[in-house]
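This report concerns only the one structure given below.
Protein chains: 2
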Amino acid sequence: MDATMMHEPLGTATIFAHGEHIHAASRIGLFDGEQVTWRSYAETAERARRLAAALRAAGVGTNTRVATLSWNDFAHFEAYLAVPAMGGVLHTLNLRLHPDQLRYIMADAEDAFLIADGSLLAGLVPQINSLETLAQIIVTGDTEGLSGLAKPWAAYEAFIADHGPIADFPDVDETAAAATCYTSGTTGDPKGVVYSHRTIFLHSLASMAANAFALSDRDTILLLPPMFHANAWGLPYSGWLAGADFVLPGPHLQPQSIRQMIRATAPTFTATVPTILNDLLRADAADPVDMTSFRVIVAGGSAVSEGLIADVERRWAIPLIQGWGMTETSPLCVLSHPPADVAPEEARHLRAKSGRPVAGVRVRLVDDQGKPVAEDGKSVGRLQLRGAWIARGYHRGAGAGVLTDDGWLDTGDAGTIDARGYVQVTDRLKDLIKSGGEWIPSAELENHVASLPGVDLAAVIGVADPRWEERPLAIVTTPHGIPPDFARLRSALQGQVARFWIPEYWAHADTLPLTSVGKIDKQALRAAVATGKTAFERIDEFS
Amino acid sequence: MDATMMHEPLGTATIFAHGEHIHAASRIGLFDGEQVTWRSYAETAERARRLAAALRAAGVGTNTRVATLSWNDFAHFEAYLAVPAMGGVLHTLNLRLHPDQLRYIMADAEDAFLIADGSLLAGLVPQINSLETLAQIIVTGDTEGLSGLAKPWAAYEAFIADHGPIADFPDVDETAAAATCYTSGTTGDPKGVVYSHRTIFLHSLASMAANAFALSDRDTILLLPPMFHANAWGLPYSGWLAGADFVLPGPHLQPQSIRQMIRATAPTFTATVPTILNDLLRADAADPVDMTSFRVIVAGGSAVSEGLIADVERRWAIPLIQGWGMTETSPLCVLSHPPADVAPEEARHLRAKSGRPVAGVRVRLVDDQGKPVAEDGKSVGRLQLRGAWIARGYHRGAGAGVLTDDGWLDTGDAGTIDARGYVQVTDRLKDLIKSGGEWIPSAELENHVASLPGVDLAAVIGVADPRWEERPLAIVTTPHGIPPDFARLRSALQGQVARFWIPEYWAHADTLPLTSVGKIDKQALRAAVATGKTAFERIDEFS
Numbered sequence: 085m086d087a088t089m090m091h092e093p094l095g096t097a098t099i100f101a102h103g104e105h106i107h108a109a110s111r112i113g114l115f116d117g118e119q120v121t122w123r124s125y126a127e128t129a130e131r132a133r134r135l136a137a138a139l140r141a142a143g144v145g146t147n148t149r150v151a152t153l154s155w156n157d158f159a160h161f162e163a164y165l166a167v168p169a170m171g172g173v174l175h176t177l178n179l180r181l182h183p184d185q186l187r188y189i190m191a192d193a194e195d196a197f198l199i200a201d202g203s204l205l206a207g208l209v210p211q212i213n214s215l216e217t218l219a220q221i222i223v224t225g226d227t228e229g230l231s232g233l234a235k236p237w238a239a240y241e242a243f244i245a246d247h248g249p250i251a252d253f254p255d256v257d258e259t260a261a262a263a264t265c266y267t268s269g270t271t272g273d274p275k276g277v278v279y280s281h282r283t284i285f286l287h288s289l290a291s292m293a294a295n296a297f298a299l300s301d302r303d304t305i306l307l308l309p310p311m312f313h314a315n316a317w318g319l320p321y322s323g324w325l326a327g328a329d330f331v332l333p334g335p336h337l338q339p340q341s342i343r344q345m346i347r348a349t350a351p352t353f354t355a356t357v358p359t360i361l362n363d364l365l366r367a368d369a370a371d372p373v374d375m376t377s378f379r380v381i382v383a384g385g386s387a388v389s390e391g392l393i394a395d396v397e398r399r400w401a402i403p404l405i406q407g408w409g410m411t412e413t414s415p416l417c418v419l420s421h422p423p424a425d426v427a428p429e430e431a432r433h434l435r436a437k438s439g440r441p442v443a444g445v446r447v448r449l450v451d452d453q454g455k456p457v458a459e460d461g462k463s464v465g466r467l468q469l470r471g472a473w474i475a476r477g478y479h480r481g482a483g484a485g486v487l488t489d490d491g492w493l494d495t496g497d498a499g500t501i502d503a504r505g506y507v508q509v510t511d512r513l514k515d516l517i518k519s520g521g522e523w524i525p526s527a528e529l530e531n532h533v534a535s536l537p538g539v540d541l542a543a544v545i546g547v548a549d550p551r552w553e554e555r556p557l558a559i560v561t562t563p564h565g566i567p568p569d570f571a572r573l574r575s576a577l578q579g580q581v582a583r584f585w586i587p588e589y590w591a592h593a594d595t596l597p598l599t600s601v602g603k604i605d606k607q608a609l610r611a612a613v614a615t616g617k618t619a620f621e622r623i624d625e626f627s
Numbered sequence: 085m086d087a088t089m090m091h092e093p094l095g096t097a098t099i100f101a102h103g104e105h106i107h108a109a110s111r112i113g114l115f116d117g118e119q120v121t122w123r124s125y126a127e128t129a130e131r132a133r134r135l136a137a138a139l140r141a142a143g144v145g146t147n148t149r150v151a152t153l154s155w156n157d158f159a160h161f162e163a164y165l166a167v168p169a170m171g172g173v174l175h176t177l178n179l180r181l182h183p184d185q186l187r188y189i190m191a192d193a194e195d196a197f198l199i200a201d202g203s204l205l206a207g208l209v210p211q212i213n214s215l216e217t218l219a220q221i222i223v224t225g226d227t228e229g230l231s232g233l234a235k236p237w238a239a240y241e242a243f244i245a246d247h248g249p250i251a252d253f254p255d256v257d258e259t260a261a262a263a264t265c266y267t268s269g270t271t272g273d274p275k276g277v278v279y280s281h282r283t284i285f286l287h288s289l290a291s292m293a294a295n296a297f298a299l300s301d302r303d304t305i306l307l308l309p310p311m312f313h314a315n316a317w318g319l320p321y322s323g324w325l326a327g328a329d330f331v332l333p334g335p336h337l338q339p340q341s342i343r344q345m346i347r348a349t350a351p352t353f354t355a356t357v358p359t360i361l362n363d364l365l366r367a368d369a370a371d372p373v374d375m376t377s378f379r380v381i382v383a384g385g386s387a388v389s390e391g392l393i394a395d396v397e398r399r400w401a402i403p404l405i406q407g408w409g410m411t412e413t414s415p416l417c418v419l420s421h422p423p424a425d426v427a428p429e430e431a432r433h434l435r436a437k438s439g440r441p442v443a444g445v446r447v448r449l450v451d452d453q454g455k456p457v458a459e460d461g462k463s464v465g466r467l468q469l470r471g472a473w474i475a476r477g478y479h480r481g482a483g484a485g486v487l488t489d490d491g492w493l494d495t496g497d498a499g500t501i502d503a504r505g506y507v508q509v510t511d512r513l514k515d516l517i518k519s520g521g522e523w524i525p526s527a528e529l530e531n532h533v534a535s536l537p538g539v540d541l542a543a544v545i546g547v548a549d550p551r552w553e554e555r556p557l558a559i560v561t562t563p564h565g566i567p568p569d570f571a572r573l574r575s576a577l578q579g580q581v582a583r584f585w586i587p588e589y590w591a592h593a594d595t596l597p598l599t600s601v602g603k604i605d606k607q608a609l610r611a612a613v614a615t616g617k618t619a620f621e622r623i624d625e626f627s
């Protein structure tokens with residue numbers, strides 16, 4: 085007996101057409117620093133169809149890579165809609181990367197077209213000129229500073245004005261490439277994760293589930309996550325498929341700008357990083373921010389503390405939940421919604437976990453030999469993933485070995501899983517410190533050190549120790565740049581963490597190096613320590 | 085550039101494992117007519133794994149058909165989970181069908197195993213004995229009345245008690261058959277729609293979307309739709325994937341029983357037919373039913389009137405929305421959620437429409453030549469569907485021609501689509517009455533006739549007319565069985581419907597024949613009229 089169902093490919097063109105026809109009156113707003121300009125889905129779709137027509141005329145065909153270098157703005161959104169639907173591959177470039185790294189990524193992806201914000205492009209002219217595969221650039225905004233550009237370029241509005249909307253999108257195999265994002269690469273060269281039409285469609289459906297983001301046409305999404313970072317949690321696709329209104333912040337991510345956008349648009353949903361929420365809480369303390377329109381806020385990118393969850397709930401009565409995901413997971417993977425039947429304190433505690441797998445994703449815990457580790461909420465193991473929108477590898481076969489023999493993605497993260505399925509990421513595996521055969525999760529220890537009085541930021545890395553193999557080195561910054569009393573910090577940690585976690589190696593720094601996505605760059609710290617650039621003291625001896 | 089994502093098959097085993105592990109504490113309750121017995125998901129999954137082990141030992145392998153003949157109960161739910169996950173094909177039999185029709189369907193599907201409620205099975209013994217492919221029967225409940233059974237059979241609890249839970253489910257291709265439902269067949273023989281693992285998974289994800297059923301682990305689903313009818317709206321799969329609690333009514337679908345279940349379990353969601361809601365409203369008028377726990381009710385199967393929507397909203401403050409779907413659409417297809425920005429009266433009006441396509445389904449309107457018909461909310465055309473969980477045909481190639489040359493499913497329904505994408509089904513195409521070149525939608529006319537004072541039920545069919553080709557014949561039943569004054573009914577219709585819709589042919593009947601799914605059986609009515617069994621009068625002449 086064979087199934088009698090349609091062989092209908094899952095695709096981005098279906099997402100495009102659904103929002104366009106069923107939610108034609110939904111809106112996208114762009115904040116220019118002062119006010120919000122709105123366009124309907126119908127208007128946005130019409131412009132995206134013009135963009136597709138213009139790109140096709142310029143030579144974009146099946147599998148042609150079209151890169152973007154932009155803030156969250158109208159043109160960027162139109163590229164999200166047009167490029168995959170017409171059969172091209174959207175490559176969103178992280179504008180915070182070093183120009184040489186951007187050049188590397190664009191060459192690796194063989195980008196043929198680039199849609200770029202002129203002001204961002206201006207600093208990249210030599211790199212852009214040297215890219216052999218790059219055929220044409222379409223520039224939004226400011227076009228000054230492009231005089232040295234040796235590649236053909238056109239202004240975005242003129243480029244799409246010459247063309248009527250494309251009527252039909254080509255039939256595309258559902259497993260064909262639709263978009264690519266490069267991982268931020270704290271180790272080694274950046275690696276390209278390439279999404280297919282199928283994975284973007286499935287990820288969008290999964291995101292709309294009531295247990296996930298519950299996106300609907302009653303939502304207004306404040307799109308704070310950058311569209312160049314893991315597809316902004318996939319929200320441009322899932323939110324469009326749901327018919328939600330969007331608010332695009334452009335480059336305006338300061339608390340004062342966020343306050344203005346919230347006042348003007350009454351968003352119901354956002355996803356962001358803890359740093360921005362902390363900024364907003366501080367701004368609120370000085371001058372209250374009206375957050376009553378939000379039904380939920382999702383935070384991720386770095387660990388969300390129970391304290392932050394409690395603050396957001398106390399101050400604004402909004403549930404703050406955590407999401408753990410990565411470029412390799414499209415990125416929706418686990419979310420920390422508490423189950424229905426728990427008390428408020430327990431709910432807060434569970435929201436501070438990394439989260440439970442969303443429907444369609446499986447997470448498992450194994451040891452270094454690949455044997456199962458007990459899912460008791462305590463035992464630490466390697467976190468591995470499986471699911472229809474999880475990567476099995478990288479472009480050009482980079483990162484070999486990331487897939488286990490039995491087909492699971494090894495995340496490189498260490499963590500626990502409890503009996504209810506809640507995952508807790510404790511550390512990057514490579515950041516775990518092995519002290520006398522026991523593991524110290526550096527990220528968790530950092531949280532404790534950073535909470536000590538007189539400490540601003542903290543990083544913990546392992547340093548070689550003649551007796552224990554590795555011991556933790558804590559590197560801290562202070563509010564006024566004055567070196568702290570390390571012995572006192574050590575004492576303050578007593579009782580807070582296991583005795584063997586307490587660092588005896590300490591250093592003070594003026595600043596800590598950050599990666600392009602705002603995480604502490606431990607690779608750079610390790611290099612600085614190895615070359616003697618960062619000096620440290622031994623305060624005591626662990627025994 | 086190739087996509088780098090996992091080739092992870094979409095499947096029912098993933099649904100099974102997600103509910104089992106992530107929502108282990110969610111519950112399923114069975115109402116026995118007096119009280120509700122609860123089992124956790126963990127317990128249910130363990131029983132389903134025992135069932136799978138027992139079925140495998142008995143010979144169920146890949147593609148083996150396992151039929152069910154049951155009310156909504158524990159064993160039926162366990163079969164939903166176990167049979168497709170282990171590679172078999174679940175065939176849910178409509179217990180309201182005539183025994184000979186059931187025999188036809190089981191032979192057509194080549195059912196090898198049958199899980200049946202003993203009391204339902206007792207009336208089918210000769211038919212069951214004559215089925216060559218049927219190897220074994222597993223009986224739940226009452227086993228009296230089975231003495232004539234010539235097939236090997238076992239009692240359900242004994243059958244699964246002998247086996248430990250199966251540990252692993254086999255890898256199954258996502259396009260392989262997972263379940264089959266036969267269409268009720270108001271014309272011709274019943275035809276089998278065969279769902280794949282992929283379509284069940286996609287349909288479940290789509291059902292959980294906030295714009296669809298918004299199912300979550302905060303829900304309690306009162307599972308009123310029979311599990312033998314289009315997979316009970318797919319809810320056993322989507323609700324399990326969402327981790328919702330379920331309440332299974334068994335055979336207890338009378339208003340008094342529904343009242344008891346609601347009181348005992350405080351459901352948040354149900355899907356049902358207008359008849360049951362009307363029953364419940366009547367029961368409520370006599371003795372109030374506490375419906376405050378519901379967040380939404382979905383109705384379908386036959387047209388939901390604006391009056392019923394208003395009554396439910398006025399009486400219980402619950403949004404009642406309409407769903408249009410069919411066995412061929414898994415069945416989720418369109419839902420009448422109003423958009424966010426409409427006033428309450430407009431919202432009620434839109435809820436009475438058939439609905440807007442859910443994300444992943446496309447609906448189009450064409451004329452008999454396949455040319456597009458204007459989507460203006462007025463022009464009537466053929467409704468055709470496309471999507472990843474829509475059928476392209478039937479088992480053994482039955483129903484040839486249901487798929488258009490360009491790959492759309494012709495629903496056999498006539499309707500309109502408006503500018504916002506709302507579909508309104510006006511009639512079955514074959515039930516449209518062609519009067520002098522103009523179409524009269526019989527279903528809509530029936531609603532008007534049934535609302536006339538002194539009329540209970542109404543059916544309208546076309547009868548041959550020498551002048552107009554066809555004219556409507558209204559057949560009505562009355563509360564006390566007394567023939568009504570047809571001329572007065574005719575007058576009462578004036579101003580309510582177009583003049584040419586008003587029937588001049590009328591008949592009175594004691595009852596109207598119904599199909600196995602409770603719809604008026606127009607095929608039987610046409611036969612009764614053709615053979616003179618149903619006599620009718622000509623009251624006037626249309627000119």
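Going down the list, the protein sequences come from chains A and B.
Heads up: the first sequence is residues 85 to 627, going by the numbering used here.
Heads up: the second sequence is residues 85 to 627, going by the numbering used here.
Ideal placement from N, C-alpha and C gives every residue a C-beta, glycine not left out.
Note that the structure is predicted; figures quoted are calculated from it, not measured.
Checklist entry - Can you list, in chain order, the residues of its chain whose CB lies under 7 Å from that of GLU459(A), leaving out five sequence neighbours each side? => result LEU449, ILE501, ASP502, ALA503
Checklist entry - In its own chain, which residues sit with a C-beta less than 6 Å from the C-beta of HIS160(B), not counting the 5 before and 5 after it? => result THR152, SER154, MET311
Next on the checklist: Please report the straight-line C-alpha distance between PRO236(A) and ALA245(A), rounded to a whole angstrom.
Outcome noted: 18 Å
Checklist entry - Is it true that the CB of PRO556(B) sits closer than 8 Å to the CB of PRO525(B)? => result no
Checklist entry - DSSP on SER288(B), reduced to helix/strand/coil? => result helix
Item to check | For ASN147(B), three-class secondary structure by DSSP | outcome: coil
Item to check | Nearest-angstrom Cα separation, counted from GLN340(A) out to PHE115(A) | outcome: 12 Å
Checklist entry - Is any beta-carbon of chain B found at less than 8 Å from that of ALA436(A)? => result no
Checklist entry - Could you give the residue range of the beta strand (DSSP E) that holds ASP549(A)? => result 542-549
Checklist entry - Along chain B, which residues have their Cβ under 7 Å away from the Cβ of ASP273(A)? => result Those within 7 Å of ASP273(A) in chain B number zero; the least Cβ separation is about 15 Å.
Next on the checklist: Helix, strand or coil, according to DSSP, for GLN344(B) in the structure here?
Outcome noted: helix
Next on the checklist: Looking at the strands, I want to know which residues DSSP matches up with ALA350(B).
Outcome noted: According to DSSP, ALA350(B) bridges with nothing at all.
Item to check | Residues that HIS28(B) contacts on chain A, provided the C-beta gap is smaller than 8 Å | outcome: Residue 28(B) lies beyond the stretch modelled for chain B, which goes from 85 to 627, so this question has no answer here.
Checklist entry - What residues in the segment 470-485 of chain B have a beta carbon less than 7 Å from any beta carbon of chain A? => result ARG470, GLY471, ALA472, TRP473, ILE474, ALA475, ARG476, GLY477, TYR478, HIS479
Next on the checklist: Just checking: is the beta-carbon of GLY579(B) within a distance shorter than 8 Å of some beta-carbon in chain A?
Outcome noted: no
Checklist entry - When the Cα atoms are used, what is the spatial distance from SER628(B) to ALA355(A)? => result Any property of residue 628(B) remains undetermined from this structure, which presents chain B solely from 85 to 627.
Item to check | Of the residues SER519(A), ARG282(A), PRO309(A), ALA614(A), the one placed nearest ASP257(A), counting alpha carbons only | outcome: ARG282(A)
Item to check | Partner residues on chain B for LEU325(A), Cβ-Cβ distance less than 8 Å | outcome: ALA443
Next on the checklist: Against chain B, with Cβ distances strictly below 8 Å, would VAL209(A) count as a contact?
Outcome noted: no
Item to check | Contact check, VAL209(A) vs GLY232(A), beta carbons under 8 Å | outcome: yes
Next on the checklist: Pull the bridge partners of THR121(B) from the DSSP assignment, please.
Outcome noted: LEU114(B)
Next on the checklist: Tell me which residues share the same chain as GLY538(A) and place their Cβ nearer than 7 Å to its Cβ, disregarding the 5 neighbours each side in the sequence.
Outcome noted: THR562, PRO568
Checklist entry - So what does DSSP say about TRP473(A), is it helix, strand or coil? => result coil
Item to check | the segment 342-362 of chain B contacting the segment 168-186 of chain B, beta-carbon criterion three pairs below 8 Å | outcome: no
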